[in-house]
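> Below are the structure tokens for one structure; questions will follow.
Protein chains: 2
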Amino acid sequence: MPQGNPLEVPDDGLTTRARRNTPVLAVHTGAGKGKSTAAFGMALRAWNIGLNVAVFQFVKSAKWKVGEEAAFRQLGQLHAERGVGGAVEWHKMGAGWSWSRKAGSDNHHVAAAADGWAEIKRRLAAQRHDFYVLDEFTYPLKWGWLDVADVVDTLLSRPGYQHVVITGRDAPPELVEAADLVTDMTKVKHPMDAGRKGQKGIEW
Amino acid sequence: MPQGNPLEVPDDGLTTRARRNTPVLAVHTGAGKGKSTAAFGMALRAWNIGLNVAVFQFVKSAKWKVGEEAAFRQLGQLHAERGVGGAVEWHKMGAGWSWSRKAGSDNHHVAAAADGWAEIKRRLAAQRHDFYVLDEFTYPLKWGWLDVADVVDTLLSRPGYQHVVITGRDAPPELVEAADLVTDMTKVKHPMDAGRKGQKGIEW
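Line order of the protein sequences matches chains D and A. Add 9 to the 1-based position in the first sequence for our numbering, that's all there is to it. Add 9 to the 1-based position in the second sequence for our numbering, that's all there is to it.
Following this line, the structure appears as structure tokens:
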């Protein structure tokens with residue numbers, strides 16, 4: 010993560026400062042571990058410099074809780090009580106659904122995803138937050154529950170200075186094309202291959 | 010991150026509980042973003058369930074500060090004051106060195122890396138922490154500053170229940186072989202390719 014000069018300076022008419030101050034659209038995709046974890050790590054960094062952070066989890070189950078949620082609630086409380094870091098909001102979108110559910114198998118879930126995205130659109134338009142995590146957001150895109158073109162247009166035309174990080178497998182090509190920063194978390198080896206179960210504090 | 014049953018149960022004589030309770034050795038490698046960020050995200054999760062977390066940064070520069078350090082110091086303070094989460098220690102190992110420095114170009118840095126590793130070995134033997142992040146630790150291995158066989162033996166024979174996460178490009182094959190969980194963060198697209206400079210709160 011070099012702080013130095015870029016190798017090439019594009020002929021885009023922007024000053025270095027303007028280029029530096031471009032808000033980031035990042036995508037963490039791939040079959041490996043670390044997509045959400047790295048997004049929450051980025052959110053931690055954003056919190057640290059006082060950005061207003063909002064997490065929208067397109068969750069696998071309405072009961073699903075990750076350790077990060079509790080930790081970020083603590084961080085949000087620190088902000089409220091002592092003014093350190095930034096404000097934090099954590100939302101689970103819609104009714105929740107299983108990530109193994111097939112596309113279109115449940116209209117209820119489709120509607121919940123659409124409602125969740127509509128809320129995010131409103132917040133982007135209102136510049137409500139500085140740093141958004143749309144966790145597991147590729148799945149409603151992949152399953153056709155949301156219109157990819159609408160999502161990409163909304164993200165590319167978002168006003169002001171709002172960072173957005175999107176996680177999930179199989180990010181649509183249009184989203185990859187639109188993003189500034191794309192990392193594919195490639196699975197090399199996973200404990201579950203050796204018959205281990207997930208562990209609290211490690212997997213969630 | 011499924012909480013369900015593994016697809017295959019190995020014939021290793023362990024109960025599911027014993028297998029679940031195996032401490033994890035994880036490696037985040039590759040040229041893409043998110044290696045350290047995901048490790049700190051895991052540490053956040055570990056903190057949340059009350060594990061004693063220690064970060065050892067084999068830093069690029071003695072002056073180097075990442076946002077996570079400040080955030081984890083806040084979390085450590087929360088633990089000390091209110092008993093929430095786990096204890097946190099954050100160490101920068103040795104004198105710091107540039108990640109662009111070539112192997113063996115500076116005996117001072119080699120000695121600092123050796124001292125740092127010796128301290129980690131002592132702590133692993135003493136079961137001092139529950140969750141270790143060895144950040145950018147692949148570089149002193151890659152440059153031959155530390156003995157890979159010694160590192161791998163020490164990690165594989167560590168006593169008790171200590172999780173270890175190692176980050177950095179070009180993880181040595183012996184380390185990948187020894188690890189339970191290996192993710193290659195593969196670069197698809199990076200803002201610096203478009204001539205942007207790193208941004209506070211995003212890159213560090």
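Note that beta-carbon positions come from the ideal geometry of N, C-alpha and C, so glycine has one too. None of the values given here were measured: they were computed from a predicted structure.
1) If the cut-off is 8 Å on Cβ atoms, which residues from the segment 182-193 of chain D count as contacting chain A, listed in chain order?
2) Could you work out which residues of chain D lie near Lys42/A, taking near to mean beta carbons separated by less than 7 Å?
3) Any beta-carbon of chain A closer than 9 Å to the one on Asn57/D?
4) So, Lys151/A versus Gly177/A, is the Cβ gap smaller than 9 Å?
5) Just the chain A side, please: which residues come within less than 9 Å of Lys151/D by C-beta, in chain order?
6) In whole angstroms, what separates the C-alpha of Phe146/A from that of Asn57/A?
7) Give me whichever residues DSSP pairs with Asp193/A in a beta bridge.
8) Below 8 Å on the Cβ atoms is my contact criterion, and I expect Leu190/A with Val64/A to pass it. Report the Cβ-Cβ distance as a whole number of Å.
9) So, does the CB of His117/D fall closer than 9 Å to a CB anywhere in chain A?
10) Using a Cβ cut-off of 7 Å, pull out every chain D residue sitting near Phe49/A, in sequence order please.
11) Out of Ala79/A, Val93/A and Ala123/A, which has the shortest C-alpha to C-alpha gap to Ala79/D?
12) Say whether the segment 129-147 of chain A touches the segment 42-57 of chain A, bearing in mind that this needs 3 or more beta-carbon pairs closer than 8 Å, one atom from each stretch.
13) What residues from chain A crowd round Val197/D, counting only those whose CB sits closer than 7 Å?
14) Could you tell me whether the segment 82-97 of chain D touches the segment 120-135 of chain D, using the rule of 3 or more Cβ pairs below 8 Å?
15) Using 9 Å as the limit for Cβ to Cβ distance, is Ala35/D near chain A?
16) So is Glu98/D in contact with chain A if we call contact Cβ pairs under 9 Å?
17) Within 10 Å of its beta-carbon, does Glu186/D have 16 or more other beta-carbons around it, so buried, or fewer, so exposed?
18) If you check the beta carbons only, do His199/D and Gly43/D fall under 9 Å apart?
19) Starting from Glu77/D, find everything on chain A with Cβ-Cβ shorter than 9 Å and list it in chain order.
20) Check whether chain A comes within 9 Å of Thr147/D, counting only Cβ atoms and requiring the distance to be less than that.
21) Does any residue of chain D have a CB that is nearer than 9 Å to the CB of Leu84/A?
22) Give me the residue from Gly76/A, Arg167/A, Thr38/A and Val36/A with the minimum Cα distance to Ala135/A.
23) Going by DSSP, what residue range makes up the beta strand (DSSP E) through Tyr141/D?
In brief:
1) Val185, Ala188, Asp189, Leu190, Val191, Thr192 and Asp193
2) Position 33 of the second sequence, counted from the start, is the residue given in the question as residue 42/A. Those are Leu190 and Thr192, listed as they occur along chain D.
3) Against the first sequence, residue 57/D aligns to sequence position 48. It does: the Cβ of Asn57/D has a partner Cβ on chain A nearer than 9 Å.
4) Walking along the second sequence from the start, residue 151/A turns up at place 142. Walking along the second sequence from the start, residue 177/A turns up at place 168. In contact: Lys151/A and Gly177/A (Cβ atoms closer than 9 Å).
5) Counted from its first residue, the first sequence places residue 151/D at position 142. Residues of chain A passing the Cβ test: none, with the nearest at roughly 17 Å.
6) Indexing the second sequence from 1 puts residue 146/A at position 137. Indexing the second sequence from 1 puts residue 57/A at position 48. About 24 Å.
7) For the purposes of this step, residue 193/A is identified with residue 184 of the second sequence, where counting begins at 1. Beta-bridge pairing links Asp193/A to Thr195/D and Thr38/A.
8) Position 181 of the second sequence, counted from the first residue, corresponds to residue 190/A. Position 55 of the second sequence, counted from the first residue, corresponds to residue 64/A. Leu190/A to Val64/A, Cβ: 18 Å. No contact.
9) Taking the first residue of the first sequence as position 1, residue 117/D is located at position 108. Judged by the 9 Å Cβ criterion, His117/D is not in contact with chain A.
10) Taking the second sequence and counting its residues from 1, the one referred to as residue 49/A is at position 40. Within chain D, the residues near Phe49/A are Gly50 and Leu53.
11) For the purposes of this step, residue 79/D is taken as residue 70 along the first sequence, with counting starting at 1. When only C-alpha atoms are compared, the closest one is Val93/A.
12) Yes: at least three Cβ pairs fall under 8 Å.
13) The sequence position of residue 197/D within the first sequence is 188, counting from 1. Per Cβ cutoff of 7 Å: Val185, Val191, Thr192 and Asp193.
14) no
15) Locating residue 35/D in the first sequence gives position 26, counting from the first residue. For Ala35/D, the answer is yes, since a Cβ of chain A falls inside 9 Å of its Cβ.
16) Your numbering for residue 98/D matches position 89 in the first sequence. No, Glu98/D does not count as interfacial toward chain A.
17) Position 177 of the first sequence holds residue 186/D. By the 10 Å Cβ count, Glu186/D comes out exposed.
18) For the purposes of this step, residue 199/D is taken as the residue at position 190 of the first sequence. For the purposes of this step, residue 43/D is taken as the residue at position 34 of the first sequence. Taking 9 Å as the Cβ cut-off, His199/D and Gly43/D do not qualify as a contacting pair.
19) For this step, residue 77/D is matched to residue 68 along the first sequence. Within chain A, the residues near Glu77/D are Gly50, Leu53, Arg54 and Asn57.
20) For this step, residue 147/D is matched to residue 138 along the first sequence. It does not; no Cβ of chain A falls within 9 Å.
21) Here residue 84/A is taken as the residue at index 75 of the second sequence, counted from 1. Interface residue, yes.
22) Start at 1 with the first residue of the second sequence, and residue 135/A comes out as number 126. Measuring from the Cα of Ala135/A, the nearest candidate turns out to be Arg167/A.
23) Here residue 141/D is taken as the residue at index 132 of the first sequence, counted from 1. Tyr141/D -> beta strand (DSSP E) spans Phe140 to Asp144.
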